[in-house]
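Asker: Protein sequence lines, in the order shown, are assigned to chains C and L.
The first sequence begins at 1 in this note's numbering and counts up by one.
The second sequence begins at 1 in this note's numbering and counts up by one.
A virtual CB, placed ideally from N, CA and C, is assigned to each residue, including glycine.
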Amino acid sequence: GDSVTQMEGPVTLSEEAFLTINCTYTATGYPSLFWYVQYPGEGLQLLLKATKADDKGSNKGFEATYRKETTSFHLEKGSVQVSDSAVYFCALTYDTDKLIFGTGTRLQVFP
Amino acid sequence: DSGVTQTPKHLITATGQRVTLRCSPRSGDLSVYWYQQSLDQGLQFLIQYYNGEERAKGNILERFSAQQFPDLHSELNLSSLELGDSALYFCASSVGFGRVAEAFFGQGTRLTVV
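Next comes the structure, spelled out in structure tokens:
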């Protein structure tokens, strides 16, 4: 079945460091891909999305490119801030009502 | 604030009991989704309602049920609770169906079964 695999956390970085959180997927078709962020004590928020191959989603300095050839959607940010500390979830859907999530990756940024 | 309201925020109950979790969607949203977030299973889709009708079902146990009322709020009923049901239960809402990526999530209800 369809699934999403994320790198295990926590990812620990110093402020202004470069961030990469890996996400790969297994899918029978061509899903839309998403990154969600969960700040402490809050619900999930959509961070960015890409709906077809080679699309790049971007928001708040975060970027991810839909790579069909490697079935990947890695999240990157050039310079992280302490306020980026959160749990990040990669997810996919086929435009139905079911999101399939990865297990989440905790990011901790220290000053 | 996402506009999705979930109550209660925390719930502690004993095994075998039954609880009801409540979700009020954003104004104007017709779809409500329920998700379970647990340490061992991660984030799992449970069920979705659209304008009062069940629209999609995921990994929802038979001991769990849900409904959406005419005023569009939704309730998730969990019965014969087991320790493994301890989790964070999220509700999300969106305007229509087939648009889950546009859904807004509530802050969740943390259920602890002891």
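Is there a Cβ of chain A sitting closer than 9 angstroms to that of E69 (chain C), yes or no?
Answerer: Structure shown: chain A not included; protein chains present are C and L.
Asker: Give me the Cα-Cα distance between E8 (chain C) and G52 (chain L), rounded to the nearest whole angstrom.
Answerer: 39 angstroms
Asker: F45 (chain L) versus chain C: which residues are under 9 angstroms apart at the beta carbon?
Answerer: Result: D97, K98, L99, I100, F101.
Asker: Hey, out of L:H10, L:T109, L:Q68, L:V32, whose CA is closest to A92 (chain L)'s CA?
Answerer: Checking every option, the nearest Cα to that of A92 (chain L) belongs to L:V32.
Asker: Using the Cα positions of K68 (chain C) and D97 (chain C), report the straight-line distance between them to the nearest angstrom.
Answerer: 22 angstroms
Asker: Is A101 (chain L) close to chain C, meaning its C-beta is less than 9 angstroms from at least one C-beta of that chain?
Answerer: yes
Asker: Would DSSP call L111 (chain L) helix, strand or coil?
Answerer: strand
Asker: Kindly indicate which three-state DSSP category E102 (chain L) falls into: helix, strand or coil?
Answerer: When DSSP states are grouped into helix, strand and coil, E102 (chain L) belongs to the helix group.
Asker: Along the beta strand (DSSP E) that carries S91 (chain C), what are the first and last residues, could you check?
Answerer: The displayed chain sequence assigns Ala, not Ser, to residue 91 (chain C). Run containing A91 (chain C): 86-93, per the beta strand (DSSP E) assignment.
Asker: In chain C, which residues lie less than 8 angstroms from S2 (chain L) when you measure between Cβ atoms?
Answerer: G43, Q45
Asker: From which residue to which residue does the beta strand (DSSP E) around S27 (chain L) run?
Answerer: Careful: S27 (chain L) lies outside any beta strand (DSSP E) and carries neither H nor E.
Asker: Do we get a CB-CB distance below 9 angstroms when we pair A56 (chain L) with the residues of chain C?
Answerer: For A56 (chain L), the answer is yes, since a Cβ of chain C falls inside 9 angstroms of its Cβ.
Asker: Among C:P111, C:S72, C:S85, which one has its Cα closest to the Cα of Y25 (chain C)?
Answerer: Checked all of C:P111, C:S72, C:S85; the closest Cα to Y25 (chain C) is C:S72.
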